[in-house]
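J.: If you're matching positions, the sequence shown starts at 651 in my numbering and goes up one per residue.
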Amino acid sequence: MASTSAFMSSLRTCAKKKDLYECNRLRAEAHRTGLFEASTYVGNMIITIYGQCGAVSEAREVFGALPVRDLVSWNALVSAYARNGQAQEALDCYEQMRSGGFIPDVITYTCILKACGIVGSFEWGITIHEDIAGQGFLGKDIMLDTALIDMYAKCGALVRAQQLFEGLSTQDLVSWSALIAGYVQHGRGEAALHCYSRMRQSGHSPDAITYVCILKACSITGAVDMGMQIHDEVVIKGLLGKIVALDTALVDMYAHCGVLKKAREVFDKLKVRDVVAWSSFITGLSQEGQTNDAMECFIRMRAEGHYPDDITYTSILKACSNIGAVDLGKQIHIEIISQRLLEKNIVLGNSLIDMYAKCGVPMKAQQVFDEFPEKTMISWSILVTGYAQQGQVKTASKCFLEMCNKGLAPNIICWNALIGGYTQQGQIEKALHCCQSMQEEGISPDNVTFVCLLHACSHLGLVDEGQIIFGAMEEIYGMTPSVEHFTCLTDLFGRSGLIDKANSVINKMPFSDSSRVWCALLGACQKTGDAKLGSVAFGHAVNFDEFDGVTYICMQNLCLSANLQVSEFSTLNFI
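See below:
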């Protein structure tokens, strides 16, 4: 090396380029020439570069070899840990630094607050906040103030984050983005959108990070119009196709909002499709019931060399559940085990239980459940529901009682599963008893509960009981009946031969834009042979869904039962 100044210049260039190979060469050169031992600055720079390159173990090695450590040395290592997500190591390092008599500065606090945010250590954050205030740093450095806001936001202390933000003398784009990101992270989409609106009114122009956050807020709230507006801005600014995270956020927004055509357009134009982009698109397809397309995307993703992550697996397991693709589900189960993903992801485990239960393999669902180190209420709910849906009500009831014995209070999902299971088995008394016991435990019935009970009354011909239950929805529980409840009531009257009452239910409905309720009336007409009213019901049903094959079958059966030809109905001329 020609000179010390030339070496220092090379170090600074290496730091700008974040060149790991060059850093290794300069480290060896520093040891060979004695510069490492002679200058703490050299060692500190090498630690910093390693941290920037993600080589944390190398940064720790260099730190351990330093003949003399100053505050910059400690800051460089704390920063390396925090930058690379090793938050607990950063906190441990911070404690060692304090024990060694070093007083933190603004850089130290900024780095350690990031670590607190990563692990969600609210208590640590408060302590550090007090230290910052004690040293008089509060309100003096916008980067430190923003780090505090970011820490509280990530820890879920959004009120504190908002209070700190409002107290800033200067609110820059970074502090706005930190607050917006906090709201998004904790599912507060509306608050994030309000914050974004205020930011724009204050004259700040969003950057890519802000756009990513606010697109997530649009996903949470279903604000597709806002999302499309942001899409246009991204295109105008020339950001589309330049930043993978932003491109993926657009796909995710459209997919979660159910606008799959736009999601596909953006996705197909992506120059780089990472596993996050694939997972977002597959999730959107699964959520919208486009199961076959989700499966096709999953296969394409694998063919292009991308390995699924836990989110991808969760989405594709849902698709397997929808179409009963248990063989593919088993294959995915094997992959998940080989990657040891179940050890750290309870959501993925629940998806496996749900897949096996809905595919009619409750014993495999039980096996996955039994292997869980910790059983959550959701896990129990899925298992109870799975057994009940397969008609194994005794086993479902046994699981239900076992869960109660373990001190877990059943949620509405568990109760509804049992009620639904009993109604499917025609055990209406047990279903009603379950409903009563649920209310005694302080849980009020919901829409699903009433659908189960009305469905049971319909199939058992319990007209009076069904009317009482339907009336109780509004009169006692203040719930507005949905189209499913009206359909159940229509079916109840129809099955009992009370056609006029069934027709009256539809006429009194606040809405009738559903083929299901008209199909229920058509089914009742088929039973009684009322061809005239049946033709009216058929006309309304096909008007709302002309591709529903069940409607045509019902009409054909009605014609056969009435010994009439379809052509005799003027309403059917368009068939």
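For glycine and all other residues, C-beta sits at the position ideal for the given N, C-alpha and C.
1) So for Ala-867, helix, strand or coil by DSSP?
2) Indicate whether Thr-758 and Asn-725 have their beta-carbon atoms separated by less than 8 Å.
3) Alpha carbon to alpha carbon, how far is Tyr-904 from Ala-1046? Give it in angstroms, no decimals.
4) By alpha-carbon positions, which one of Ser-827, Val-722 and Ile-1069 ends up nearest to Tyr-861?
5) Note the first and the last residue of the continuous alpha helix (DSSP H) segment covering Pro-1012.
6) Mind checking which residues open and close the alpha helix (DSSP H) that includes Thr-1026?
7) Going by C-alpha to C-alpha distance, which of Gly-735, Ile-1028, Asp-1020 and Gln-940 sits closest to Ser-1001?
8) Taking only the alpha-carbon atoms, compute the straight-line gap between Gly-1070 and Gln-989 and give it to the nearest angstrom.
9) Enumerate in chain order the residues of its own chain whose CB-to-CB distance from Val-976 is below 8 Å, with the five nearest sequence positions on each side excluded.
10) Out of Glu-708, Trp-1168 and Thr-871, state which residue places its alpha-carbon closest to the alpha-carbon of Tyr-833.
11) What is the DSSP secondary structure of Gly-891, counted as helix, strand or coil?
12) Straight-line CA distance for Leu-661 to Gly-786?
13) In this structure, how does DSSP classify Lys-1056 when only helix, strand and coil are distinguished?
14) As an exercise, report each continuous alpha helix (DSSP H) stretch of at least 4 residues that is fully enclosed by the stretch 911-951, in chain order.
15) Look at Val-1167 and Thr-1130 and say whether their C-beta atoms are less than 8 Å apart.
16) For Asp-875, is the classification buried or exposed, using 16 other Cβ atoms within 10 angstroms of its Cβ as the cut-off for buried?
17) For Cys-1054 versus Thr-1073, is the C-beta spacing smaller than 8 Å?
18) Quick check on this structure: which residue in Lys-866, Ala-1106 and Ser-1094 has the alpha carbon closest to the alpha carbon of Gly-1076?
19) Which full runs of the alpha helix (DSSP H) of 4+ residues lie inside the stretch 1052-1117, going along the chain?
20) So, with DSSP's three-state summary, where would you put Ser-771?
21) Excluding the 5 residues preceding and the 5 following Phe-772 in the sequence, name in chain order all residues of the same chain whose CB lies nearer than 7 Å to its CB.
22) Within the continuous alpha helix (DSSP H) that includes Met-1159, where are the two ends?
23) Would you report the Cα separation of Ala-1081 and Asn-942, rounded to the nearest angstrom?
24) Near Arg-733, what residues of its chain come up, given a Cβ to Cβ distance below 6 Å and the 5 sequence neighbours on each side ignored?
25) Secondary structure at Ser-847, three-state DSSP: helix, strand or coil?
26) Let's see if you can read the secondary structure: which residues bound the alpha helix (DSSP H) around Tyr-957?
27) Rounded to whole angstroms, what is the Cα-Cα separation between Asn-1157 and Ser-825?
28) Enumerate in chain order the residues of its own chain whose CB-to-CB distance from Ala-842 is below 6 Å, with the five nearest sequence positions on each side excluded.
29) Going straight from the alpha carbon of Cys-673 to that of Ile-699, what length do you get?
30) Give the secondary structure of Gly-974 by DSSP, where H, G and I count as helix, E and B as strand, and everything else as coil.
T.: Put simply:
1) helix
2) yes
3) 38 Å
4) Ser-827
5) 1012-1020
6) Per DSSP, Thr-1026 belongs to no alpha helix (DSSP H) and is neither H nor E.
7) Ile-1028
8) 37 Å
9) Cys-970, Met-1005, Tyr-1006, Cys-1009, Gly-1010 and Val-1011
10) Thr-871
11) coil
12) 34 Å
13) coil
14) 925-937
15) no
16) exposed
17) no
18) Ala-1106
19) 1062-1074, 1078-1090 and 1097-1110
20) coil
21) Cys-805 and Ala-807
22) Element bounds for Met-1159: n/a, residue is neither H nor E.
23) 36 Å
24) Gly-701
25) helix
26) No alpha helix (DSSP H) contains Tyr-957, which DSSP labels as neither H nor E.
27) 56 Å
28) Ile-830, Tyr-833, Val-834 and Ala-867
29) 7 Å
30) coil
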